[in-house]
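Please read the structure below before turning to the comments.
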Amino acid sequence: MKMAALLAAVSFSPRNKPLTQESLMPLSQIEILHQDAALLVINKPTLLLSVPGRAEDNKDCLVTRLQENGFPEARIVHRLDWETSGIIVLARDPDSHRELSRQFHDRETEKAYMALCWGQPEQDSGSIDLPLRYDPPTKPRHVVDFEQGKHAQTFWRIIERCGDYCRVELTPITGRSHQLRVHMLSIGHPLLGDGLYAHEQALHAYPRLCLHACMLSLTHPQTGERMRFECPAPF
Numbered sequence: 001m002k003m004a005a006l007l008a009a010v011s012f013s014p015r016n017k018p019l020t021q022e023s024l025m026p027l028s029q030i031e032i033l034h035q036d037a038a039l040l041v042i043n044k045p046t047l048l049l050s051v052p053g054r055a056e057d058n059k060d061c062l063v064t065r066l067q068e069n070g071f072p073e074a075r076i077v078h079r080l081d082w083e084t085s086g087i088i089v090l091a092r093d094p095d096s097h098r099e100l101s102r103q104f105h106d107r108e109t110e111k112a113y114m115a116l117c118w119g120q121p122e123q124d125s126g127s128i129d130l131p132l133r134y135d136p137p138t139k140p141r142h143v144v145d146f147e148q149g150k151h152a153q154t155f156w157r158i159i160e161r162c163g164d165y166c167r168v169e170l171t172p173i174t175g176r177s178h179q180l181r182v183h184m185l186s187i188g189h190p191l192l193g194d195g196l197y198a199h200e201q202a203l204h205a206y207p208r209l210c211l212h213a214c215m216l217s218l219t220h221p222q223t224g225e226r227m228r229f230e231c232p233a234p235f
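Residue numbers (full-length UniProt numbering): 1 to 235.
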């Protein structure tokens, strides 16, 4: 475990701290994987919102910190959950934002996540095709619902087996909220450190949600070049 890096990531971003000039993360603490005139590719730390929340005490987020630290034009294209770390792309002009958003909508991007999951699946790989919907009574959780849920599909592949848990590469075909977390739960292997879906053993097996966006491939909105970005998981 890279515990020093984990603690550093957790310590700087209390979720309910009001946004002030003093609380803004220095840009040096946000890793920029790539930047050019059209886009920014960022390694988002855990415990940081992608965009502002509705409540006044949830205004601190990645896009605000970038806009306040030299990138006022940055616009979010897609999101990662508050606890999920890893690769996220932002556009730097309206045309690029429109084109990148289209690529995500039309599923022309490729994404992969690294996760630590409780238990040992019998197979080394598989596909999960279960419809999901938001569940208001257990807000903010999502559930499998064959009648009202939206189509959701995930491919998974074991990278390493480690006693009580395994390291898994997850490839979402669709992009539903909490898709990877609910899908792995549905086959009996919740993510370690998942405060919404994990049972007690899996929850306390690691001090953060073990889900990291480790790869993103897209087409540059201006040049048409196919680009691939990778960022190893911190766990």
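The C-beta atom is built at its ideal place from N, Cα and C for all residues, glycine as well.
By the criterion of at least three beta-carbon pairs nearer than 8 angstroms, the stretch 145-155 is not in contact with the stretch 200-210. The three-state secondary structure of GLN29, taken from DSSP, is helix. Spanning the alpha carbons of ILE159 and LEU170 requires a straight line of approximately 10 angstroms. In the three-state reduction of the DSSP assignment, LEU130 falls in the coil class, being assigned neither a helical nor a strand state. Segment contact: the stretch 136-151 against the stretch 174-183, three or more CB-CB distances shorter than 8 angstroms; contact assigned. When secondary structure is reduced to three states using DSSP, ARG161 falls in the strand class.
Taking the C-beta atoms as reference points, MET215 is found no nearer than 9 angstroms to VAL168. Note on geometry: alpha-carbon atoms of LEU116 and HIS105 lie some 28 angstroms from one another.
DSSP places SER101 in the uninterrupted alpha helix (DSSP H) bounded by 94-105.
A contact is defined here as three or more CB-CB pairs under 8 angstroms, and the stretch 130-137 fails this definition with respect to the stretch 59-73. Within the same chain, HIS189 come within 6 angstroms of GLY119 by CB-CB distance, once the 5 residues on both sides are set aside. Contact annotation, VAL182 with LEU132: C-beta distance approximately 6 angstroms; criterion of less than 8 angstroms satisfied. Here HIS34 carries a strand assignment [DSSP, helix/strand/coil].
Secondary structure at HIS183: helix, using DSSP grouped into helix, strand and coil.
Between the alpha carbons of GLY126 and GLU225 lies a distance of about 31 angstroms.
Judged by DSSP in its simplified three-state form, LEU211 adopts strand. With 16 or more other CB atoms across the displayed protein chains lying within 10 angstroms of its CB, ASP60 is buried.
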